[in-house]
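Step one of this worksheet: look at the structure below.
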Amino acid sequence: MYIEAEKQIKIKEEERLAKEKEKRKKELESIKKVIAKDYDKKLAQEKENLHLVQKNLDELVKKQNKDNNRIAELQSQISLYENMIKEERGDQQELKQTLDLMCAELAKNRESALKEAILIEQNKRDMEKLQEEKERLKREHEIEKQNLQREYEEHVEAAKEKMRDEIREHMDKELEELKRSHRAEMAKKKSRESEDSSCTIL
């Protein structure tokens with residue numbers, strides 16, 4: 116009787132635990148979906164930011180290369196014109212005017228190339244920061260998932276422990292009830308035996 120009662124209680128508690136686990140699992144999956152959606156949104160934004168900075172960087176490098184090529188070209192032409200002036204070849208006035216224009220353009224191109232170099236470095240730093248932010252998001256997301264999984268496992272373990280305690284409590288009550296019933300039965304039996312003994316003596 117006691118063993119049968121124990122089996123029934125265990126079955127009921129295991130069914131309850133299974134329902135609790137299923138309920139908690141659904142809650143966990145729901146939370147994971149919300150977190151994943153938020154993470155995907157943030158990650159997409161970081162990727163977009165990275166893409167924009169990379170695009171800007173590519174354009175700056177392209178422009179800087181163009182300026183540097185023009186600087187090299189101007190330097191070559193200026194050297195040629197300076198030699199022509201030194202050797203007094205051609206129209207000196209026209210040569211000097213052209214040389215002044217090329218020197219002005221060279222200065223402008225150098226200034227532009229310098230600004231681009233500064234912006235390129237700034238963009239590279241921005242990209243590093245954005246990449247770090249992207250990696251940080253990944254790490255935090257992974258930690259959050261692990262924490263959720265651990266909480267779920269702890270919850271299930273706590274539910275199992277509670278179930279074990281309840282089974283023990285039920286069993287103790289059942290045992291006490293059986294003992295009480297047994298004592299009552301024994302007392303009745305003793306009383307009947309005593310009555311029978313009295314009748315025999317009479």
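Residue numbers (the numbering used here): 116 to 317. Yeah, the Cβ is synthetic: ideal placement off N, Cα and C, and Gly gets one too.
To the nearest angstrom, report how far apart Glu129 and Met242 are at their CA atoms. The sequence position of residue 129 within the sequence shown is 14, counting from 1. The sequence position of residue 242 within the sequence shown is 127, counting from 1. Roughly 54 Å separates the two Cα atoms.
Looking only at its chain, what residues have a beta carbon closer than 6 Å to the beta carbon of Met301, apart from the 5 residues adjacent to it on each side? Taking the first residue of the sequence shown as position 1, residue 301 is located at position 186. Once the five neighbours on either side are set aside, Met301 has no close Cβ partner at all.
Quick check on Gln237: does DSSP put it in helix, strand or coil? On the sequence shown, residue 237 is found 122 positions in, with the first residue counted as 1. Reduced to three states, the DSSP call for Gln237 is helix.
On the three-pair Cβ rule with 8 Å, is the stretch 198-212 touching the stretch 162-174? no
Using three-state DSSP, classify Asp173 as helix, strand or coil. For the purposes of this step, residue 173 is taken as the residue at position 58 of the sequence shown. Helix, per DSSP.
Taking only three categories from DSSP, how would you classify Glu308? As a working note, residue 308 is residue 193 in the sequence shown. The answer is helix: DSSP assigns Glu308 an H, G or I state.
Helix, strand or coil at Asp287 according to DSSP, with G and I counted as helix: Within the sequence shown, the letter at position 172 stands for residue 287. Note: Asp287 maps to helix in three-state DSSP.
Give every residue of the same chain whose Cβ lies closer than 8 Å to the Cβ of Lys211, excluding the five residues on either side of it in the sequence, and list them in chain order. If you number the sequence shown from 1, residue 211 lands on position 96. Answer for Lys211: Ile200, listed in chain order.
Does the structure place the stretch 139-152 close enough to the stretch 178-188 that three or more beta carbon pairs sit under 8 Å? Too few Cβ pairs lie closer than 8 Å, so no.
Glu284 to Glu308, Cα distance in whole Å? Residue 284 sits at position 169 when you count from the first residue of the sequence shown. Residue 308 sits at position 193 when you count from the first residue of the sequence shown. Their Cα atoms are separated by approximately 36 Å.
Can you grab the Cα-Cα spacing for the pair Leu263 / Ser296, in whole Å? Reading the sequence shown from its first residue, position 148 is the one you call residue 263. Reading the sequence shown from its first residue, position 181 is the one you call residue 296. Their Cα atoms are separated by approximately 49 Å.
Could you tell me how far apart the beta carbons of Leu158 and Lys223 are, in whole angstroms, since I believe they sit closer than 8 Å? For the purposes of this step, residue 158 is identified with residue 43 of the sequence shown, where counting begins at 1. For the purposes of this step, residue 223 is identified with residue 108 of the sequence shown, where counting begins at 1. The pair is not a contact, with the Cβ atoms about 42 Å apart (cut-off 8 Å).
Same chain, Cβ closer than 6 Å to His256, five either side skipped, listed in chain order: For the purposes of this step, residue 256 is identified with residue 141 of the sequence shown, where counting begins at 1. Counting only Cβ-Cβ distances below 6 Å, and skipping sequence neighbours, we find Tyr154.
By Cβ distance below 7 Å, which residues in the same chain neighbour Gln179 in space, the five residues on each side in sequence not counted? Taking the sequence shown and counting its residues from 1, one reaches residue 179 at position 64. Within the same chain, Gln179 has close Cβ partners Ala228, Glu231, Ala232 and Ile235.
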